[in-house]
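Q: Got a structure for you, questions after.
Protein chains in written order, with my numbering: chain V, 1 to 361; chain C, 1001 to 1361.
See below:
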């Protein structure tokens, strides 16, 4: 991918490609005093390479989990970073996937009311989607992602090579967001992506890296035009209202990006049912996307419809008996539509799951 | 005071005077669904007046204390507000002094990544100083005010009448910041303030309200020019490096604004010692300000010099063996100066306290 500069309220920031972890980390601003917040598994995986790059006295290691995203779990991380010298004039370097990014972003945005941070995203989901867009999300009690800030990293260090070590399901989860962005971009990008993808794609770093770049190109105008998600950026939630509910109702047994694929199919199914999209569009999508969500469609068979509906109802974006859904009229024609929960969404989701409409007819 | 509009990165906001609590609270935007975070003592004091204005189901009451400003203490407040329906499309109304403002601002800035809030400041300190400027401050472990955000209220509802019910020490604490702002503004404003103040001033709401307005007029250009406190806004910290340390080393036995008065005298004493300010300037200030900090100068006699120096060293603004102090060359001539901690500050503070230099010669 080519280097990018992205505008945001707090500060403009860059996305810069690097050939190796070492070249990325030696480029950090204020490296001699920087603090590092590092995903534990990633550090173990790249132990030899990281040993020389990360001085032990300035490293805080963290195990990525949803449970880590609470004030209770964050407090010792804050204290560890403070004890190791993090303050206003230091850079915080975050190395990890979405959870580390959420935590690192939140810490960088509120410590000393905002300090410099740089991000090395280690998953396809983080590289292709979450690393740009400014958002952090923290959980509180039973409320997921209700707390957060808009505070992008000052630099994003993109190392395609790290994708080689990811398990298949993590790659497929990232591809879910890649697919979403190309569906938003229009028919030609989506068809090119489908033509590129095959079983072998999961291990093809050059191909994945191409689609990381293409994803950023689609996402950038949405987040620059509407950083605070009050208008057009809402469309990036295509598949997410349902996807989040599927994750929550299965106790996160479905990886996020795969839940989004199932969520996009649900949205398209309901769009066809409402006469917005042609039935043929839904039929084509469920045929083309089936390889990219299996076997997780069937995991939904075990989820309670009530739990799914409750999760949708508690989504922070919903404010009454209708739910603001991103529906579709076809490739690149997504739109925000209020949909009655009891009359339309509940039976639509029930059919989608019970009749296995996520599979090809 | 006259209505004001203040520019900030997150949003412009207004300061609007009201003749009564009722007229202020009935003006809240989205009042029929607003949530209220209210200082417990204030609510008890104005129980009859507030009963009709605050619907119980949408009120969260809080006891103001430094201990309330931690993630641990904040979590049940967040959960209570969420359970009572606070979300993106609701207004949070905060009624209280500095602690409630810190907590309310932090909650409003991170819940749903930022929601609308309005503030009714109930102390002189909050009205004259903290309510404008965007900042929130939260404590973590032993680190005071290390966590925070820049997120001003959307409206500030100024009700001078509430000052009538404050204890003398709270008025004097607020006057500390009023004095600081007039010292920054220059000689004529400071002399007018000194001429206005007398023992009776503490109960003269019209007079206090005049100086609330004058304080905002001095502070506004500093915070609009340098909202994020990287340059000229630093000067508003005049007296604060020492003041914060005095508060901390006496376990907060000294009210904040009074500690600031003692801190300004310390800064002026050291400025005179370094030859920056005429000795006569320090002598005049300690004579004029003595009525506004007694008997708290003597409370410092019980504080450990080591604890004071440790607090200064751990201040988030300081990064080495020198301390960035706001010193002074006279009225309206404050400047940021790095001062060696061991060689200059330690003996200067020791003399100031042990020789009771805060009193008139």
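Just so it is clear, CB atoms sit at the ideal spot from N, CA and C, and this is done for glycine as well. Please read all numbers here as calculations on a predicted model, not as lab measurements.
1. As a quick exercise: from V/259, V/68, V/233 and V/109, pick the residue whose alpha carbon is nearest that of residue 133 of chain V.
2. Could you tell me how far apart the beta carbons of residue 1001 of chain C and residue 1209 of chain C are, in whole angstroms, since I believe they sit closer than 8 Å?
3. Would you mind sorting residue 1074 of chain C into buried or exposed? The rule is 16 or more other CB atoms within 10 Å of its CB.
4. Do residue 238 of chain V and residue 262 of chain V have their C-beta atoms closer together than 8 Å?
5. Do you know offhand how far residue 172 of chain V's Cα is from residue 293 of chain V's?
6. Going by beta carbon distance, what residues of the same chain come within less than 6 Å of residue 270 of chain V, once the five residues before and after it are set aside?
7. Roughly how many whole angstroms lie between the Cα atoms of residue 1279 of chain C and residue 1268 of chain C?
8. How would you list, in chain order, the residues of chain C whose beta-carbon sits under 7 Å from the beta-carbon of residue 110 of chain V?
9. For the beta strand (DSSP E) holding residue 1014 of chain C, just list the boundary residues, first then last.
10. Residues in the same chain with beta-carbon distance under 7 Å from residue 1165 of chain C, minus the five sequence neighbours each way, listed in chain order, please.
11. Measuring CA to CA, which of V/144, V/162 and V/13 is closest to residue 23 of chain V?
12. I'd like to check one pair, residue 38 of chain V with residue 96 of chain V: are the Cβ atoms closer than 8 Å?
13. How many Å lie between residue 339 of chain V and residue 6 of chain V at the Cα?
14. At what residues does the beta strand (DSSP E) containing residue 1039 of chain C begin and finish?
15. Three Cβ pairs or more, each shorter than 8 Å: is that satisfied between the stretch 1212-1229 of chain C and the stretch 1002-1021 of chain C?
16. For residue 1030 of chain C versus residue 1090 of chain C, is the C-beta distance shorter than 8 Å?
17. Please decide whether residue 75 of chain V counts as near chain C, where near means a Cβ-Cβ distance under 8 Å.
18. Using a beta-carbon distance below 8 Å, is residue 30 of chain V in contact with chain C?
19. So residue 349 of chain V is in the alpha helix (DSSP H); what residue range does that whole segment cover?
20. Distance check for residue 56 of chain V and residue 144 of chain V, CA to CA, integer angstroms please.
21. Name the chain C residues whose beta carbon is nearer than 9 Å to that of residue 143 of chain V?
22. Just the C-alpha distance for residue 1211 of chain C and residue 61 of chain V, rounded to the nearest angstrom, thanks.
23. What do you get for residue 1137 of chain C, buried or exposed, if any count of 16 or more other CB atoms within 10 angstroms of its CB means buried?
24. Under a three-way DSSP split, which group does residue 158 of chain V fall into?
25. Would you list, in sequence order, the uninterrupted beta strand (DSSP E) runs of no fewer than 3 residues that lie entirely inside the stretch 205-281 of chain V?
26. Does the beta carbon of residue 1135 of chain C sit closer than 8 Å to a beta carbon anywhere in chain V?
27. For the putative contact between residue 1159 of chain C and residue 1120 of chain C, defined by C-beta atoms under 8 Å, what is the C-beta separation to the nearest angstrom?
28. Helix, strand or coil: how does DSSP classify residue 105 of chain V here?
29. When you compare each of V/94, V/81, V/35 and V/84 to residue 64 of chain V by their alpha carbons, which one comes out closest?
30. Measuring only the C-alpha atoms, how far is residue 1015 of chain C from residue 301 of chain V?
31. In or out: residue 1295 of chain C buried (at least 16 other Cβ within 10 Å) or exposed?
32. Could you round the C-beta distance between residue 197 of chain V and residue 168 of chain V to whole angstroms and report it? I think they count as a contact, below 8 Å.
33. Looking at residue 1328 of chain C and residue 1276 of chain C, is the spacing between their C-beta atoms short of 8 Å?
34. According to DSSP, simplified to helix, strand and coil, what is residue 96 of chain V?
35. Could you confirm whether any beta carbon from chain C is found closer than 8 Å to the beta carbon of residue 362 of chain V?
36. At a CB-CB cut-off below 9 Å, which residues of chain V make contact with residue 1009 of chain C?
A: Considering the structure as presented:
1. For residue 133 of chain V, the nearest C-alpha among the options comes from V/233.
2. Yes, residue 1001 of chain C and residue 1209 of chain C are in contact; Cβ-Cβ is about 6 Å, under 8 Å.
3. With 16 or more other Cβ atoms within 10 Å, it is buried.
4. Cβ atoms of residue 238 of chain V and residue 262 of chain V: not closer than 8 Å.
5. Each residue's Cα considered, the two are about 8 Å apart.
6. Hits under 6 Å: 348.
7. C-alpha separation (whole angstroms): 9 Å.
8. Near residue 110 of chain V (Cβ distances below 7 Å), the residues of chain C are 1147, 1148 and 1149.
9. 1013-1017 is the extent of the beta strand (DSSP E) around residue 1014 of chain C.
10. For residue 1165 of chain C, same chain residues with a beta-carbon under 7 Å away, outside a window of 5 residues either side, are 1045 in chain order.
11. If you compare the alpha carbons of V/144, V/162 and V/13 with that of residue 23 of chain V, the shortest gap goes to V/162.
12. Yes, the Cβ-Cβ distance between residue 96 of chain V and residue 38 of chain V is below 8 Å.
13. Each residue's Cα considered, the two are about 34 Å apart.
14. Its beta strand (DSSP E) spans residues 1035-1039.
15. Contact between the stretch 1212-1229 of chain C and the stretch 1002-1021 of chain C is present: three or more C-beta pairs spanning the two stretches fall below 8 Å.
16. Yes; because the gap between Cβ atoms is below 8 Å, this pair is in contact.
17. Interface residue, yes.
18. Using a Cβ-Cβ cut-off of 8 Å, residue 30 of chain V does not count as an interface residue toward chain C, since no Cβ of chain C sits closer than that to its own.
19. Its alpha helix (DSSP H) spans residues 346-354.
20. Spanning the two alpha carbons is a distance of roughly 33 Å.
21. Correct list: 1078, 1079 and 1082.
22. Residue 1211 of chain C and residue 61 of chain V: Cα-Cα distance of roughly 51 Å.
23. Under this definition residue 1137 of chain C is a buried residue.
24. In the three-state reduction of the DSSP assignment, residue 158 of chain V falls in the strand class, which pools E and B.
25. For the stretch 205-281 of chain V, not a single whole beta strand (DSSP E) run of length 3 or above is found.
26. Yes, contact with chain V.
27. The Cβ separation is near 6 Å, so the contact holds.
28. Helix, per DSSP.
29. Taking each of V/94, V/81, V/35 and V/84 in turn and checking the Cα distance to residue 64 of chain V, the smallest one comes out for V/94.
30. One C-alpha to the other measures close to 55 Å.
31. Residue 1295 of chain C is exposed by the Cβ-count criterion.
32. Contact doesn't hold; Cβ gap of about 13 Å is too wide.
33. Going by C-beta atoms, residue 1276 of chain C is nearer than 8 Å to residue 1328 of chain C.
34. Strand.
35. With chain V covering 1 to 361 only, the question about residue 362 of chain V has no answer from this structure.
36. Neighbours of residue 1009 of chain C in chain V, taken as residues at a C-beta separation under 9 Å, are given in chain order as 9 and 10.
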